[in-house]
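Asker: Next up is a structure, given as structure tokens.
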Amino acid sequence: KTASQAVFLFQRLEDLLAGIPGGGRGVGGGRVEGGLKVDVPGKGSGVRIFSEDPSKITPLKPLERMLVVEVSVYNSLTDWKYSYLKVEIKRAGAEVLPIIPKDILLIQDASNSMAEQRLHFCRDGMIRCLAEIGPADRFNVVMFRERSLSCFADWAEAKQENIDKARKFIQEMRSEGNTDIYTAISEQMNVKRTPGRPVVAMLVSDGIPTAGMVASSDIIGEFSKLNNGAISVFAVGTLQIANKYLLDLLGYCNRGDSLVVTSGRWDIPDSLQRLMKEISRPVLADTEFRFPADSPSEVYPLLASNLYLDRPMVLYGRCPRGLKNLVFQAVGRAGDVKC
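Residue 12 is where the sequence shown starts when you use the working numbering, and the numbers rise one by one after that.
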């Protein structure tokens, strides 16, 4: 019965196509319908009516051959329901994808809780970070206590005179006043964004707010909702007892990451410069991951970080134990091209 219905439907489709203006018989047993050659079953070969040109289905440029994906799966002896997975996505080679110019915010906590002893090493690290700014990048340096103060009124080009001015601005930072982290970072939402050009912020703080909004969960939730992935936040804690919960989730929920310098304040400059190098060469921005609607898997973060030449993009998740295949699509921008 099913086969006979299929034949009937296909014949009905032929009858409908026959009514298209300009219809007529074509070569090879097919019929030309408005420039489209349609096969008649069993009467030769031609272009199938349901054949599609991939470039006409989606504007996305495929990048599978330009990326390397590594998947690790962990099975717990105490959890027989789920497997846990880690997906690392890296650029396949040094010249496969071009580096995208970025806008970088260097945000330094200069409140009393930082203490001059640690701020001294933070200033050193910030000055080193200036040397890692690319020639096509734009940047700004921000100091905050109860409010934020920017070195430039708008994005500055990576010219020597601007680098010198930023260096002087950093050297004049002093530890004083209270800490209002939420106000300081939310004020950065006023920066101008250029489509296809990622905005990356390096936030250096002990993560201990003493003014304004002080509850960590409130700061994380309110800023993440306000930001909605527009700025990638990389948070750096400057001492072992830094508020890791706040710093971790500010990065995790805002396309970034976090690290806490636990080995001593003298390691702050190296840590800042190393992180700056890792995020200095983005190749894919505004990334998102799409899974089938009926996918039984959970993968986080929901807002993925940018893809950097010197830093892998990492996803974590879980899926039903024994699942053989997990299909997903990663979408992002390489300059003006959506991939």
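Don't be surprised by glycine CBs; every beta carbon is placed ideally from N, CA and C.
(1) Would you kindly report the start and end of the unbroken alpha helix (DSSP H) that includes A126?
(2) Please name the residue in N86, Y95, V80 whose C-alpha comes closest to that of G328.
(3) Where V82 and S161 are concerned, what is the direct C-alpha to C-alpha distance, given to the nearest angstrom?
(4) So, using beta-carbon positions, are K101 and V348 closer together than 7 Å?
(5) For P293, which of helix, strand or coil comes out of DSSP?
(6) If you count every other CB in all the chains shown that lies within 10 Å of the CB of K54, and 16 or more means buried, which is it?
(7) Report yes if the C-beta distance between P323 and E99 is below 7 Å; otherwise report no.
(8) Which residue marks the beginning of the beta strand (DSSP E) containing F155, and which one marks its end?
(9) Measure the Cβ-Cβ separation of E309 and V342 and say whether it is below 7 Å.
(10) Using DSSP with H/G/I as helix, E/B as strand and the rest coil, what is V43?
(11) With H, G and I counted as helix, E and B as strand and the rest as coil, what does DSSP make of A164?
(12) Just curious, the alpha helix (DSSP H) that E262 is in, first and last residue?
(13) Count the other C-beta atoms from every protein chain shown that fall within 10 angstroms of the C-beta of D120, then say buried if there are 16 or more, exposed otherwise.
(14) Which residue marks the beginning of the beta strand (DSSP E) containing F302, and which one marks its end?
(15) Taking the alpha-carbon positions, what's the E127 to M184 distance?
(16) Can you tell me where the alpha helix (DSSP H) holding L270 begins and where it ends?
(17) What does P331 pair with, by DSSP beta-bridge criteria?
(18) Could you please give the first and the last residue of the uninterrupted alpha helix (DSSP H) stretch that includes S122?
(19) By the DSSP assignment, the alpha helix (DSSP H) with L214 in it spans what residues?
(20) In the DSSP assignment, what are the bridge partners of Y85?
(21) Between the region 85-93 and the region 273-290, can you find at least three pairs of beta-carbon atoms closer than 8 Å?
(22) Kindly indicate which three-state DSSP category S282 falls into: helix, strand or coil?
(23) Taking the C-alpha atoms as reference points, what is the distance between R170 and E143?
(24) Pop quiz: E157 and G207 are said to be a contact at Cβ under 8 Å. What is the actual Cβ separation, rounded to whole angstroms?
(25) Leaving out the 5 sequence neighbours to the left and right, which residues in its chain are closer than 7 Å to I231 when beta-carbon positions are compared?
(26) Taking DSSP's pairing of strands, which residues face Q340 in a bridge?
(27) Using 10 angstroms around the beta-carbon of K92, count the other beta-carbons present and answer buried if the total reaches 16, otherwise exposed.
(28) Roughly how many angstroms separate the alpha carbons of L295 and L214, rounded to a whole number?
Answerer: Straight from the coordinates:
(1) From DSSP, the alpha helix (DSSP H) with A126 extends over 126-141.
(2) Of all alpha-carbon atoms in N86, Y95, V80, the one lying nearest the alpha-carbon of G328 is that of Y95.
(3) In a straight line, the C-alpha of V82 is about 42 Å away from that of S161.
(4) Not in contact: K101 and V348 (Cβ atoms no closer than 7 Å).
(5) Correct three-state label for P293: strand.
(6) At K54, the pLDDT of 47 sits below 50, so the modelled position is not reliable; the number obtained from the coordinates is stated separately. K54 is exposed by the Cβ-count criterion.
(7) Contact: yes.
(8) From DSSP, the beta strand (DSSP E) with F155 extends over 149-155.
(9) No, these two residues do not count as a Cβ contact at 7 Å.
(10) Any answer about V43 is weak, because its pLDDT of 43 lies below 50 and its placement is not dependable; what the coordinates show is given next. In this structure, V43 counts as strand in the three-state DSSP scheme.
(11) Coil, per DSSP.
(12) Here residue 262 turns out to be Gly, not Glu, going by the sequence shown. For G262, the enclosing alpha helix (DSSP H) covers residues 255-263.
(13) Buried is the call here.
(14) In the DSSP assignment, F302 falls outside any beta strand (DSSP E) and carries neither an H nor an E.
(15) Cα-Cα distance, rounded: 10 Å.
(16) No alpha helix (DSSP H) holds L270; the beta strand (DSSP E) holding it covers 268-271.
(17) Note: P331 sits in a beta bridge opposite Y93.
(18) From DSSP, S122 is part of no alpha helix (DSSP H); its letter is neither H nor E.
(19) Segment 210-216 is the beta strand (DSSP E) holding L214; no alpha helix (DSSP H) there.
(20) Y95.
(21) In this structure the region 273-290 does not lie against the region 85-93, because fewer than three pairs of beta carbons, one per stretch, are closer than 8 Å.
(22) Annotated three-state conformation of S282 is helix, per DSSP.
(23) Looking at the sequence shown, residue 170 is not Arg but Lys. Note on geometry: alpha-carbon atoms of K170 and E143 lie some 13 Å from one another.
(24) Contact check for E157 and G207: beta-carbon distance about 35 Å, past the 8 Å limit, so the pair fails to qualify.
(25) Cβ neighbours of I231 beyond the five flanking positions: L257, L260, L261, C264.
(26) The partner list for Q340 (beta bridge, DSSP) reads R301.
(27) Exposed is the call here.
(28) If I take the Cα positions, the gap works out to 22 Å.
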